[in-house]
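Chemist: According to this note's numbering, the sequence shown is numbered sequentially starting from 14. Note that CB positions come from ideal geometry on N, CA and C, so glycine has one too.
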Amino acid sequence: MLTNTLIENSIGLIKTYCPNLLLFLNEKEFTKFLSKAIEHTEKYNGGTPNNNFIITFFKLLWEHKSNESNEIRNEFGYFNYLLGEFDKYGNKKEFKNLLVGVLYNFKSNNFHHTLGEIAVCLDLNLKNKFEKYERILDNQKSIDYEFIDGNGKLMLIDVLTIDYKKERYEKEKFNTFLDGRLRAKFEDKSKDLDLETKNKIFVFPILSGFTIEIIKEQSEYLKKLSNSTIEKDGFQTFPPRAFGNIQGTFFSLFTIDEIVDPEKIKKNHSQHGF
Numbered sequence: 014m015l016t017n018t019l020i021e022n023s024i025g026l027i028k029t030y031c032p033n034l035l036l037f038l039n040e041k042e043f044t045k046f047l048s049k050a051i052e053h054t055e056k057y058n059g060g061t062p063n064n065n066f067i068i069t070f071f072k073l074l075w076e077h078k079s080n081e082s083n084e085i086r087n088e089f090g091y092f093n094y095l096l097g098e099f100d101k102y103g104n105k106k107e108f109k110n111l112l113v114g115v116l117y118n119f120k121s122n123n124f125h126h127t128l129g130e131i132a133v134c135l136d137l138n139l140k141n142k143f144e145k146y147e148r149i150l151d152n153q154k155s156i157d158y159e160f161i162d163g164n165g166k167l168m169l170i171d172v173l174t175i176d177y178k179k180e181r182y183e184k185e186k187f188n189t190f191l192d193g194r195l196r197a198k199f200e201d202k203s204k205d206l207d208l209e210t211k212n213k214i215f216v217f218p219i220l221s222g223f224t225i226e227i228i229k230e231q232s233e234y235l236k237k238l239s240n241s242t243i244e245k246d247g248f249q250t251f252p253p254r255a256f257g258n259i260q261g262t263f264f265s266l267f268t269i270d271e272i273v274d275p276e277k278i279k280k281n282h283s284q285h286g287f
């Protein structure tokens, strides 16, 4: 049940750990979200099928009270950083649509996926123009982003977060596994579309749960993924990124090069250690 005390405490928590969220949602809109989120969790007896934003928010509340760790607070710190970076861009309406969309996606999203989608969008914004969130294609499939690149060409990009179980890792089968996941995502989004439209669709893979050792061992293959083509591989993709922590104080998406060579992380994030 949503009480005035819960509302006040929740808004206070956001102002403490993620104040930039209020650059996009006012307190009334956040309260509405909170009401819908609690209604959803009550439907599932106080939980949800996955670790979405509201469950992570409840974990933040516990961590704030217990002060026993900083893991969730660090993730919210990264979330706050991303939102602050987005505030610099002009297309605030479309980004708000993205933010609201991922926050309200209680059933099939989790907080890591939310961070991933927003981090990817910000990364693409550095060299391209963000046009639209949730573009509906002619085959009635929804794709995450529509961007215009530096040459004025349209790109349709769908983020694929691959939650990996490291205990299932088999070196010889890794390429087949990852190619299969990328191809399945691409084929799903591009089904029944003409070749011209297919050539505009890209998958943006985020590796979650992969150890540094696995990424190092597969680094040459992972670096080559961005050269994948429809004709040769059945899909096309951006270079994969991976989530990581820098001494437990900074949560971010890293390139394969940064993970393989920690000195590049130190150079790019000189205010932190790895």
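DSSP on glycine 222, reduced to helix/strand/coil?
Modeler: coil
Chemist: In whole angstroms, give me the CA-to-CA distance for threonine 250 and phenylalanine 108.
Modeler: 23 Å
Chemist: Three or more beta-carbon pairs under 8 Å between the region 41 to 60 and the region 106 to 120, yes or no?
Modeler: Contact holds: three or more Cβ-Cβ distances are below 8 Å.
Chemist: Could you tell me the distance, in whole angstroms, from the CA atom of lysine 142 to the CA atom of leucine 95?
Modeler: 17 Å
Chemist: With burial defined as no fewer than 16 other Cβ atoms inside 10 Å of the residue's Cβ, what is the status of threonine 127: buried or exposed?
Modeler: buried
Chemist: Below 8 Å, can you find three or more Cβ-Cβ pairs linking the region 230 to 242 to the region 200 to 209?
Modeler: no
Chemist: Helix, strand or coil for serine 155? Go by DSSP, reduced to three states.
Modeler: Residue state for serine 155 is assigned as strand, using DSSP reduced to three classes.
Chemist: Runs of 3 residues minimum, wholly inside the region 126 to 193: which ones carry the beta strand (DSSP E) assignment?
Modeler: Entirely contained in the region 126 to 193, the beta strand (DSSP E) runs reaching 3 residues are, in chain order, 142 to 149, 155 to 161 and 167 to 176.
Chemist: Does the beta-carbon distance from glycine 222 to lysine 178 come in below 8 Å?
Modeler: Going by C-beta atoms, glycine 222 is nearer than 8 Å to lysine 178.
Chemist: Assign leucine 208 to one of three DSSP states: helix, strand, or coil.
Modeler: helix
Chemist: Would you kindly check if the distance between the Cβ of phenylalanine 37 and the Cβ of leucine 135 is under 8 Å?
Modeler: no
Chemist: Mapping the DSSP letters down to three states, classify serine 265 as helix, strand or coil.
Modeler: strand
Chemist: Shortest alpha-carbon distance to isoleucine 219 belongs to which of Thr268, Glu84, Glu180 and Glu55?
Modeler: If we check each option's Cα against that of isoleucine 219, Thr268 comes out closest.
Chemist: Give every residue of the same chain whose Cβ lies closer than 6 Å to the Cβ of phenylalanine 190, excluding the five residues on either side of it in the sequence, and list them in chain order.
Modeler: none
Chemist: Hey, quick one: how far does the alpha helix (DSSP H) through lysine 56 stretch, first residue to last?
Modeler: 40 to 56
Chemist: Starting from the Cα of lysine 186, find the closest Cα among Glu230, Leu150, Ala132 and Asn80 and give me that residue.
Modeler: Glu230
Chemist: Among the candidates Ser232, Leu195, Ile225 and Ile20, whose CA atom is the shortest distance from the CA of phenylalanine 217?
Modeler: Leu195
Chemist: CA-CA distance, isoleucine 131 and tyrosine 158?
Modeler: 11 Å
Chemist: Quick check on threonine 250: does DSSP put it in helix, strand or coil?
Modeler: strand
Chemist: For isoleucine 225, which residues of its own chain have a beta-carbon under 7 Å away from its beta-carbon, when the five flanking residues on both sides are left out?
Modeler: In its chain, beyond the 5 residues on either side, Ile272 have a beta carbon closer than 7 Å to the beta carbon of isoleucine 225.
Chemist: What would DSSP say about phenylalanine 124, mapped onto helix, strand or coil?
Modeler: helix
Chemist: Can you check DSSP and say which residues form a bridge with phenylalanine 215?
Modeler: Ile170
Chemist: In the DSSP assignment, find the alpha helix (DSSP H) that holds lysine 103 and state where it starts and stops.
Modeler: Just to set this straight, residue 103 is glycine in the shown sequence, not lysine. Premise fails: glycine 103 is in no alpha helix (DSSP H) and is neither H nor E.
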